[in-house]
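One rule links them: number in the numbering used here = place in the sequence shown (from 1) + 434.
Quick reminder that beta carbons are idealized off the backbone N, C-alpha and C, glycines included.
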Amino acid sequence: MVLTGYLSLVWGQKADTFRIVHRFEADVQGLTSDKLKQIYVITPNQVLRKCNADGKVLFEFSNRYLGTLGKVDASDPFDVLLFYPDYQTLLFLDRTMNVIADVRLKNEEFPFPSLVAMGRDRQIWIYDAALNTLNRMDRQGGIKTSSQDLSLLMGRRFIPNQLVANERAVYLVDPDQGVLCFDVFGQFQTFLPLPGLEQLQTFDQYLFYRWQGQYYVAEQIGTPALLEGLPPNLPFFGGIPNWMVAWNGTEVLVYKK
(Lines of atoms letter the chains of each structure in order from A; the text may use other names.)
(Lines give C-alpha, C1' and ligand atoms only; values in the text may rest on other atoms or scores of the structure.)
Protein backbone atom coordinates (compact mmCIF):
# COMPACT_ATOMS: atom_id res chain seq x y z
CA MET A 435 0.00 0.00 0.00
CA VAL A 436 2.80 2.43 0.84
CA LEU A 437 4.56 1.74 -2.45
CA THR A 438 1.31 2.36 -4.31
CA GLY A 439 1.02 5.69 -2.53
CA TYR A 440 4.52 6.72 -3.55
CA LEU A 441 3.89 5.83 -7.18
CA SER A 442 0.65 7.81 -7.17
CA LEU A 443 2.71 11.02 -7.25
CA VAL A 444 2.76 11.14 -11.02
CA TRP A 445 -0.68 10.36 -12.40
CA GLY A 446 -3.58 12.81 -12.02
CA GLN A 447 -7.12 12.08 -13.22
CA LYS A 448 -9.17 15.10 -12.17
CA ALA A 449 -8.42 18.81 -12.23
CA ASP A 450 -9.05 21.47 -9.60
CA THR A 451 -9.18 25.04 -10.92
CA PHE A 452 -7.82 27.90 -8.82
CA ARG A 453 -8.58 31.62 -9.12
CA ILE A 454 -6.82 34.66 -7.65
CA VAL A 455 -8.70 36.19 -4.70
CA HIS A 456 -6.03 38.57 -3.42
CA ARG A 457 -2.65 39.95 -4.44
CA PHE A 458 -0.09 42.31 -2.95
CA GLU A 459 3.29 43.58 -4.05
CA ALA A 460 6.36 42.11 -2.36
CA ASP A 461 10.07 41.67 -2.98
CA VAL A 462 10.62 38.04 -2.06
CA GLN A 463 13.66 35.83 -1.63
CA GLY A 464 11.64 32.92 -0.27
CA LEU A 465 8.02 32.09 0.51
CA THR A 466 6.04 29.40 2.28
CA SER A 467 2.73 29.03 4.15
CA ASP A 468 1.15 27.04 6.95
CA LYS A 469 -2.09 25.18 7.64
CA LEU A 470 -3.66 28.32 9.15
CA LYS A 471 -3.36 30.13 5.78
CA GLN A 472 -0.55 32.32 7.06
CA ILE A 473 2.16 33.41 4.64
CA TYR A 474 5.88 33.56 5.45
CA VAL A 475 7.97 35.86 3.28
CA ILE A 476 11.76 36.13 3.35
CA THR A 477 12.82 39.58 2.18
CA PRO A 478 16.13 40.27 0.39
CA ASN A 479 17.54 41.78 3.60
CA GLN A 480 16.81 38.52 5.48
CA VAL A 481 13.74 39.64 7.41
CA LEU A 482 11.12 36.92 7.86
CA ARG A 483 7.59 38.34 7.77
CA LYS A 484 4.53 36.41 8.83
CA CYS A 485 1.41 37.74 7.07
CA ASN A 486 -2.26 36.87 7.03
CA ALA A 487 -4.03 35.87 3.82
CA ASP A 488 -4.69 39.55 3.01
CA GLY A 489 -1.01 40.43 3.19
CA LYS A 490 -1.12 42.21 6.56
CA VAL A 491 2.16 41.73 8.44
CA LEU A 492 1.45 40.02 11.77
CA PHE A 493 4.99 39.47 13.07
CA GLU A 494 8.57 39.90 11.92
CA PHE A 495 11.84 38.17 12.79
CA SER A 496 15.45 38.74 11.79
CA ASN A 497 18.89 37.73 12.99
CA ARG A 498 21.72 39.76 11.50
CA TYR A 499 24.43 37.55 13.01
CA LEU A 500 23.63 34.21 11.34
CA GLY A 501 23.88 35.12 7.66
CA THR A 502 21.46 33.96 4.98
CA LEU A 503 18.17 32.37 6.00
CA GLY A 504 18.23 29.21 3.92
CA LYS A 505 15.00 27.44 4.91
CA VAL A 506 11.70 28.13 6.66
CA ASP A 507 9.64 25.06 7.56
CA ALA A 508 6.20 26.15 8.83
CA SER A 509 4.56 22.73 8.75
CA ASP A 510 3.80 23.38 12.44
CA PRO A 511 2.75 27.06 12.76
CA PHE A 512 3.42 26.93 16.51
CA ASP A 513 6.95 25.57 16.07
CA VAL A 514 8.54 27.08 12.96
CA LEU A 515 11.97 25.82 11.91
CA LEU A 516 14.59 28.21 10.49
CA PHE A 517 17.90 27.04 9.02
CA TYR A 518 20.94 29.29 8.69
CA PRO A 519 23.49 27.28 6.67
CA ASP A 520 26.34 29.81 6.99
CA TYR A 521 26.59 29.07 10.70
CA GLN A 522 25.01 25.60 10.68
CA THR A 523 22.33 26.82 13.07
CA LEU A 524 18.69 25.87 13.56
CA LEU A 525 16.24 28.21 15.27
CA PHE A 526 12.72 27.37 16.41
CA LEU A 527 10.08 30.10 16.64
CA ASP A 528 6.71 30.20 18.38
CA ARG A 529 3.56 31.55 16.75
CA THR A 530 4.59 35.16 17.53
CA MET A 531 8.02 34.63 15.94
CA ASN A 532 10.01 34.55 19.17
CA VAL A 533 12.91 32.11 19.47
CA ILE A 534 12.05 29.20 21.76
CA ALA A 535 15.04 26.94 21.02
CA ASP A 536 18.21 26.76 18.96
CA VAL A 537 20.63 24.05 17.87
CA ARG A 538 24.14 24.54 16.51
CA LEU A 539 25.08 21.56 14.35
CA LYS A 540 28.45 20.05 15.20
CA ASN A 541 30.99 20.20 12.39
CA GLU A 542 32.41 16.77 13.24
CA GLU A 543 28.94 15.26 12.79
CA PHE A 544 27.75 17.43 9.90
CA PRO A 545 30.64 18.76 7.77
CA PHE A 546 28.28 20.33 5.21
CA PRO A 547 24.58 20.26 6.21
CA SER A 548 22.75 21.65 3.21
CA LEU A 549 19.07 20.63 3.61
CA VAL A 550 16.78 20.37 6.65
CA ALA A 551 13.12 19.58 7.33
CA MET A 552 10.81 19.18 10.31
CA GLY A 553 9.59 15.62 10.75
CA ARG A 554 7.14 13.68 12.85
CA ASP A 555 7.28 14.12 16.65
CA ARG A 556 9.29 17.34 16.22
CA GLN A 557 12.35 15.51 15.01
CA ILE A 558 14.67 17.12 12.47
CA TRP A 559 15.87 15.63 9.20
CA ILE A 560 19.23 16.78 7.86
CA TYR A 561 20.94 16.00 4.57
CA ASP A 562 24.72 16.42 4.67
CA ALA A 563 26.23 17.05 1.23
CA ALA A 564 29.79 16.15 2.29
CA LEU A 565 28.79 12.76 3.71
CA ASN A 566 25.89 12.32 1.24
CA THR A 567 23.72 10.99 4.07
CA LEU A 568 20.20 11.53 5.43
CA ASN A 569 20.12 11.94 9.22
CA ARG A 570 17.40 12.08 11.86
CA MET A 571 18.12 14.28 14.87
CA ASP A 572 16.28 15.12 18.08
CA ARG A 573 15.75 18.64 19.43
CA GLN A 574 18.81 18.37 21.67
CA GLY A 575 21.09 17.74 18.70
CA GLY A 576 21.42 13.98 19.19
CA ILE A 577 21.60 11.88 16.03
CA LYS A 578 18.99 9.10 16.07
CA THR A 579 19.60 7.49 12.66
CA SER A 580 21.91 8.00 9.67
CA SER A 581 21.63 6.50 6.21
CA GLN A 582 24.45 4.99 4.24
CA ASP A 583 26.08 7.07 1.52
CA LEU A 584 23.24 7.66 -0.93
CA SER A 585 25.60 7.07 -3.85
CA LEU A 586 26.02 3.49 -2.63
CA LEU A 587 22.25 3.17 -2.28
CA MET A 588 21.65 4.43 -5.82
CA GLY A 589 24.75 3.03 -7.48
CA ARG A 590 25.45 6.54 -8.79
CA ARG A 591 25.85 10.09 -7.53
CA PHE A 592 22.64 11.55 -6.08
CA ILE A 593 22.63 15.34 -5.55
CA PRO A 594 19.39 16.51 -3.87
CA ASN A 595 18.25 20.11 -3.71
CA GLN A 596 15.05 19.53 -1.68
CA LEU A 597 14.27 17.70 1.55
CA VAL A 598 10.68 17.50 2.83
CA ALA A 599 8.96 15.39 5.47
CA ASN A 600 5.49 14.78 6.82
CA GLU A 601 3.74 12.38 9.20
CA ARG A 602 4.16 9.49 6.77
CA ALA A 603 7.42 9.79 4.89
CA VAL A 604 10.59 11.71 4.05
CA TYR A 605 11.55 12.76 0.52
CA LEU A 606 14.86 13.78 -1.06
CA VAL A 607 14.65 15.30 -4.54
CA ASP A 608 17.43 15.29 -7.13
CA PRO A 609 16.17 17.57 -9.95
CA ASP A 610 18.07 15.56 -12.56
CA GLN A 611 16.96 12.10 -11.41
CA GLY A 612 13.90 11.99 -9.19
CA VAL A 613 12.82 11.33 -5.62
CA LEU A 614 14.22 9.05 -2.92
CA CYS A 615 11.46 8.04 -0.47
CA PHE A 616 12.13 7.00 3.13
CA ASP A 617 9.84 6.00 5.98
CA VAL A 618 9.63 8.07 9.17
CA PHE A 619 12.50 6.07 10.68
CA GLY A 620 14.84 6.80 7.78
CA GLN A 621 14.57 3.42 6.09
CA PHE A 622 14.74 3.61 2.30
CA GLN A 623 11.46 2.64 0.60
CA THR A 624 11.62 3.40 -3.11
CA PHE A 625 12.96 5.65 -5.85
CA LEU A 626 10.67 7.60 -8.19
CA PRO A 627 12.33 8.38 -11.55
CA LEU A 628 10.88 11.87 -11.99
CA PRO A 629 13.56 14.11 -13.50
CA GLY A 630 12.46 17.72 -13.53
CA LEU A 631 10.21 17.53 -10.46
CA GLU A 632 10.21 20.94 -8.74
CA GLN A 633 9.23 22.39 -5.37
CA LEU A 634 7.97 19.24 -3.70
CA GLN A 635 6.16 20.32 -0.51
CA THR A 636 4.06 18.73 2.20
CA PHE A 637 1.01 19.75 4.17
CA ASP A 638 -0.18 17.11 6.67
CA GLN A 639 -0.71 14.04 4.45
CA TYR A 640 -0.73 16.03 1.21
CA LEU A 641 2.07 16.53 -1.30
CA PHE A 642 2.35 19.54 -3.63
CA TYR A 643 4.74 19.65 -6.55
CA ARG A 644 5.33 20.89 -10.07
CA TRP A 645 6.32 18.46 -12.80
CA GLN A 646 6.61 19.10 -16.52
CA GLY A 647 5.00 22.54 -16.10
CA GLN A 648 1.91 21.17 -14.30
CA TYR A 649 0.97 21.50 -10.62
CA TYR A 650 -0.34 18.57 -8.57
CA VAL A 651 -1.64 17.78 -5.10
CA ALA A 652 -1.66 14.20 -3.83
CA GLU A 653 -2.08 12.08 -0.75
CA GLN A 654 0.44 9.34 -0.23
CA ILE A 655 -2.25 6.83 -1.03
CA GLY A 656 -4.62 7.90 -3.78
CA THR A 657 -4.49 9.58 -7.16
CA PRO A 658 -3.17 13.17 -7.37
CA ALA A 659 -5.29 15.99 -8.68
CA LEU A 660 -4.08 18.35 -11.36
CA LEU A 661 -4.19 22.00 -10.26
CA GLU A 662 -5.25 24.38 -13.02
CA GLY A 663 -5.29 28.17 -13.17
CA LEU A 664 -1.68 28.58 -11.99
CA PRO A 665 1.07 30.08 -14.19
CA PRO A 666 3.61 27.44 -15.29
CA ASN A 667 6.78 29.02 -13.91
CA LEU A 668 6.03 30.47 -10.48
CA PRO A 669 9.29 30.99 -8.55
CA PHE A 670 7.58 30.03 -5.26
CA PHE A 671 4.25 28.47 -4.34
CA GLY A 672 2.65 26.56 -1.47
CA GLY A 673 -0.59 26.04 0.38
CA ILE A 674 -3.26 23.56 1.33
CA PRO A 675 -5.64 21.63 -0.96
CA ASN A 676 -8.23 24.42 -1.38
CA TRP A 677 -6.00 27.47 -0.85
CA MET A 678 -2.65 28.37 -2.35
CA VAL A 679 -0.16 31.22 -2.26
CA ALA A 680 2.50 32.00 -4.85
CA TRP A 681 4.95 34.68 -5.97
CA ASN A 682 5.16 35.68 -9.63
CA GLY A 683 8.30 37.81 -9.41
CA THR A 684 6.64 41.03 -8.27
CA GLU A 685 3.46 40.10 -6.38
CA VAL A 686 2.28 37.56 -3.83
CA LEU A 687 -0.84 35.89 -5.24
CA VAL A 688 -3.48 34.18 -3.09
CA TYR A 689 -5.59 31.52 -4.83
CA LYS A 690 -8.73 29.59 -3.90
CA LYS A 691 -10.62 26.80 -5.63
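Worksheet item: Cα separation between Thr579 and Ile454?
Response: To locate residue 579, count along the sequence shown from 1; it is residue 145. To locate residue 454, count along the sequence shown from 1; it is residue 20. C-alpha separation (whole angstroms): 43 Å.
Worksheet item: Do you know how far the Cα of Pro511 is from the Cα of His557?
Response: Looking up residue 557 in the sequence shown gives position 123. Looking up residue 511 in the sequence shown gives position 77. The question names His, yet the displayed sequence has Gln at residue 557. Rounded to the nearest angstrom, the two C-alpha atoms are 15 Å apart.
Practice prompt. Would you tell me roughly how many angstroms separate the C-alpha atoms of Tyr561 and Leu606, rounded to the nearest one?
Written response: Indexing the sequence shown from 1 puts residue 561 at position 127. Indexing the sequence shown from 1 puts residue 606 at position 172. Cα-Cα distance, rounded: 9 Å.
Worksheet entry | Cutoff 8 Å; reference Val481; Cβ partners in own chain excluding five residues on either side | Position 47 of the sequence shown, counted from the first residue, corresponds to residue 481. So the qualifying residues of the chain are Glu494, Phe495, Ser496.
Fill in: Spatial distance of Pro594 from Asp488 (CA atoms)
In the sequence shown, residue 594 corresponds to position 160, counting from 1. In the sequence shown, residue 488 corresponds to position 54, counting from 1. So the alpha carbons of these two residues sit roughly 34 Å apart.
Discussion item. If you measure between the beta carbons of Gly501 and Tyr521, is that distance less than 7 Å?
Written reply: Reading the sequence shown from its first residue, position 67 is the one you call residue 501. Reading the sequence shown from its first residue, position 87 is the one you call residue 521. Contact: yes.
Practice prompt. Specify, as a first and last residue, the run of the alpha helix (DSSP H) that Ser585 falls within.
Written response: Numbered from 1 along the sequence shown, position 151 holds the residue referred to as residue 585. Here the alpha helix (DSSP H) through Ser585 covers 584-588.
Discussion item. Buried or exposed for Val491, going by 16 or more other Cβ atoms inside 10 Å?
Written reply: Counting from 1 along the sequence shown, the entry for residue 491 is found at position 57. Flag for Val491 reads exposed.
Worksheet item: Hey, out of His456, Asn676, Leu631, whose CA is closest to Glu662's CA?
Response: Stepping through the sequence shown from its first residue, residue 662 is reached at position 228. Nearest option by C-alpha distance: Asn676.
Worksheet item: Where do the N-terminal and C-terminal ends of the beta strand (DSSP E) with Asn569 fall, by residue?
Response: Translated into the one-based positions of the sequence shown, residue 569 becomes position 135. Looking at the DSSP string, the run of the beta strand (DSSP E) that includes Asn569 is 567-571.
Practice prompt. Pick out whichever of Trp645, Asn532, Pro666 has its Cα sitting closest to the Cα of Pro629.
Written response: If you number the sequence shown from 1, residue 629 lands on position 195. Comparing Cα-Cα distances from Pro629 to each of Trp645, Asn532, Pro666, the minimum goes to Trp645.
Item to complete: Could I get the ranges of all uninterrupted alpha helix (DSSP H) runs contained in the segment 570-657, with 4 residues as the minimum, in chain order?
Response: 584-588
Discussion item. Just checking: is the beta-carbon of Leu539 within a distance shorter than 7 Å of some beta-carbon in chain B?
Written reply: Of the protein chains in the structure, only one exists, and it is not chain B.
Discussion item. For Leu441 and Pro627, what's the separation of their Cα atoms in angstroms?
Written reply: Counting from 1 along the sequence shown, the entry for residue 441 is found at position 7. Counting from 1 along the sequence shown, the entry for residue 627 is found at position 193. Residue confidence for Leu441 is low, a pLDDT of 44 falling below 50, so the modelled location carries little weight and cannot support an answer.
Practice prompt. Compute the Euclidean distance between the alpha carbons of Asp555 and Ile476, then round it to the nearest angstrom.
Written response: Here the question's residue 555 lines up with position 121 in the sequence shown. Here the question's residue 476 lines up with position 42 in the sequence shown. Approximately 26 Å between the Cα atoms of the pair.
Worksheet item: Do you know how far the Cα of His456 is from the Cα of Asn486?
Response: Position 52 of the sequence shown, counted from the first residue, corresponds to residue 486. Position 22 of the sequence shown, counted from the first residue, corresponds to residue 456. Going from the Cα of Asn486 to the Cα of His456 covers about 11 Å.
Worksheet item: What does a CB cutoff of less than 6 Å around Phe544 pick up in its chain, not counting 5 residues either side in sequence?
Response: Taking the sequence shown and counting its residues from 1, the one referred to as residue 544 is at position 110. Taken in chain order, the residues that qualify are Asp562.
Worksheet item: Are the beta-carbon atoms of Asp507 and Ala535 separated by less than 7 Å?
Response: Walking along the sequence shown from the start, residue 507 turns up at place 73. Walking along the sequence shown from the start, residue 535 turns up at place 101. No.
Worksheet entry | Lys505 classed as buried or exposed, judged by whether at least 16 other C-beta atoms fall within 10 angstroms | Here residue 505 refers to the residue found at position 71 when the sequence shown is read from its first residue. Under this definition Lys505 is a buried residue.
Worksheet item: DSSP puts Lys690 in a beta bridge; with which residues?
Response: Sequence index remark: in the sequence shown, residue 690 carries index 256 (1-based). Lys690 pairs with Arg453, Trp677.
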